[in-house]
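Engineer:
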Amino acid sequence: MALLEIRNLSVSFETSFGGFKAVDGIDLTVDKGEVLAIVGESGSGKSVGMLAVMGLLPKTAKVTADVMTFDGADLRTLTSGQRRSIVGCDMSMIFQEPIASLNPCFTVGFQIEEVLRQHLGLNRSQAQKRAIELLELVGIRDAEARLGAFPHQMSGGQCQRVMIAMAIACNPKLLIADEPTTALDVTIQKQILDLLMRLQAEHGMGLIMITHDMGVVAETADRVIVQYKGRKMEEADVLSLFEAPKSPYTRALLSALPENAVGDRLPTVSDFVMDETAPGAAQ
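For the sequence shown, the positions run 1 to 283 when full-length UniProt numbering is used.
(1) According to DSSP, simplified to helix, strand and coil, what is residue 253?
(2) So, do the segment 195 to 211 and the segment 36 to 47 have three or more beta carbon pairs nearer to each other than 8 angstroms?
(3) State buried or exposed for residue 246, treating a residue as buried only when at least 16 other CB atoms are found within 10 Å of its CB.
(4) Pull up the distance between the alpha-carbon of residue 243 and that of residue 251, whole angstroms please.
(5) For residue 122, I'd like the list of residues in its chain whose CB is within less than 7 angstroms of its CB, leaving aside the five on either flank, ordered along the chain.
(6) Give the DSSP-derived three-state secondary structure of residue 222 in the structure shown.
(7) In the DSSP assignment, what are the bridge partners of residue 211?
(8) What are the start and end residues of each continuous alpha helix (DSSP H) run of 4 or more residues lying completely inside the segment 165 to 214, in chain order?
(9) DSSP three-state label for residue 329, please.
(10) Which value, in whole angstroms, describes the spacing of the CA atoms of residue 227 and residue 26?
(11) Unbroken alpha helix (DSSP H) runs of length 4 or more, entirely within the segment 39 to 64: which are they?
(12) Near residue 19, what residues of its chain come up, given a Cβ to Cβ distance below 6 angstroms and the 5 sequence neighbours on each side ignored?
(13) Using alpha carbons as the reference points, say which of 248, 231, 229, 218 lies closest to residue 237.
(14) Measuring CA to CA, which of 133, 157, 93 is closest to residue 177?
(15) CB residue 287 to CB residue 24, shorter than 8 angstroms?
So, in structure tokens, the structure goes:
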């Protein structure tokens, strides 16, 4: 049985211009210990779909699915209390823009310890000791002193490490990483990706890597889902996707890699004929 199974997931929003479907009939599964990459340009519904799985979308969002199970539990029928016991514990998410995702009014130590107290029932002393261990685990130097730091007193890379520490605090079975290297310089990006992959291997977590970077996909994923305008264009193991992409959109993404530049110009998606009803365009 898959750790996470989603069938026919759709997410729509009502706007002043009418209804808008951000996710349109997505299917996916993730097994224990597997790394699944969800790739596509901004606005393709990658993050919205995973926020729906986590139950973190506003009440104005309409979420439907034929199947939405995590570790045998039906996410569609959980009470708010049951969902809170899973989200942040067995199923965690690293959000985009780490500085914006952390609460600026509380120290990073308080925010990590809150997760531990809420989900594991640790007392203050136990939570503080574990928070120090987690900061050391994710590579933050002088971890004990850093407990008292506020997010604005830390760099973007350090804040991302704090977010990772919070996400793995309860040894989750599934970790969702939403563009975990956004706005970080190249050196820090490599360090964060290496850290995530090491933690995933050590703890045997299922990992969903949301990205628009095909280089990240090649480096991290076992299997890949390509999304475009809320729909799944293609799904394949990572080697097959790079060697023989079936969807015109996947070919467009791969052709837009810097090494495929012709002169001083990169191909764009608009250079490709996008027939979304063609075989291989939406599977």
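The C-beta atom is built at its ideal place from N, Cα and C for all residues, glycine as well.
Structural biologist: In short, the structure shows the following:
(1) When DSSP states are grouped into helix, strand and coil, residue 253 belongs to the helix group.
(2) Contact between the segment 195 to 211 and the segment 36 to 47 is established, with three or more Cβ pairs separated by less than 8 angstroms.
(3) Classification for residue 246: buried.
(4) If you take the alpha carbons of residue 243 and residue 251, they lie about 10 angstroms apart.
(5) So the qualifying residues of the chain are 116, 130.
(6) Collapsing the DSSP output to three states places residue 222 in coil.
(7) Checking the DSSP bridge columns, you'll see residue 211 partnered with 39.
(8) Uninterrupted alpha helix (DSSP H) stretches at least 4 residues long and entirely within the segment 165 to 214 occur at 186 to 203, given in chain order.
(9) Look at the range of the chain in this structure, 1 to 283, and you will see that residue 329 is not part of it.
(10) Answer to the nearest angstrom: the Cα atoms are 9 angstroms apart.
(11) Within the segment 39 to 64, the complete alpha helix (DSSP H) runs of at least 4 residues are 46 to 54.
(12) Beyond the five residues adjoining it in sequence on each side, residue 19 comes within less than 6 angstroms, by CB distance, of 12 in the same chain, given in chain order.
(13) Ranking the options by Cα distance to residue 237, first place goes to 218.
(14) The shortest C-alpha separation from residue 177 is found at 93.
(15) The structure shown has nothing for residue 287, since the chain only spans 1 to 283.
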